[in-house]
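S.K.: Sequential numbering from 29 applies to the sequence shown in the numbering used here.
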Amino acid sequence: MSEAQAERGPFGRWLLMQVERVGIVGELAKGAAGDRGFPRDGDPEAVRKRLSILQADGEMFAALEEAELDWASY
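#1: Among the candidates D69, G65, L97, E94, whose CA atom is the shortest distance from the CA of L82?
#2: Where D98 and G70 are concerned, what is the direct C-alpha to C-alpha distance, given to the nearest angstrom?
#3: Throw me the rounded Cβ distance for the V47 and K58 pair, which I believe falls under 8 Å.
#4: Under the three-state reduction of DSSP, which class applies to F66: helix, strand or coil?
#5: With 16 other CB atoms within 10 Å as the buried threshold, where does V53 fall?
#6: Alpha helix (DSSP H) containing D98: first to last residue?
#7: Return helix, strand or coil for R36, following the three-state DSSP convention.
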């Protein structure tokens, strides 16, 4: 994890702050906000594992990849 990523906090919490975002990342965030088992303090891999457990469709995995790139690019 880079210094900038550490300053932003865990990926899971960053993702939850994206609920107002338009598009697929916003949809992923809305789903995460409604999931009591969502790894709030997790990294992208923890979120990927959660999506696998829930048998999420491929679109949500694509959204995760996009979100991870956004999170990592700051």
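Glycine included, every Cβ here is placed at the ideal spot set by N, Cα and C.
M.R.: Taking the definition as stated:
#1: The residue you call residue 82 lines up with position 54 of the sequence shown. L82 has its Cα closest to that of G65, out of D69, G65, L97, E94.
#2: Along the sequence shown, read from residue 1 onward, the residue named residue 98 stands at position 70. Along the sequence shown, read from residue 1 onward, the residue named residue 70 stands at position 42. The alpha-carbon atoms of D98 and G70 are separated by roughly 16 Å.
#3: Numbered from 1 along the sequence shown, position 19 holds the residue referred to as residue 47. Numbered from 1 along the sequence shown, position 30 holds the residue referred to as residue 58. At roughly 5 Å, the Cβ-Cβ gap stays under 8 Å, so V47 and K58 are in contact.
#4: Locating residue 66 in the sequence shown gives position 38, where the first residue counts as 1. In the structure shown, F66 sits in coil (DSSP, three-state: anything other than H, G, I, E or B).
#5: The sequence position of residue 53 within the sequence shown is 25, counting from 1. It is buried - the Cβ of V53 has at least 16 other Cβ atoms within 10 Å.
#6: The residue you call residue 98 lines up with position 70 of the sequence shown. Here the alpha helix (DSSP H) through D98 covers 86-100.
#7: Start at 1 with the first residue of the sequence shown, and residue 36 comes out as number 8. DSSP places R36 in the helix class (H, G or I) of the three-state scheme.
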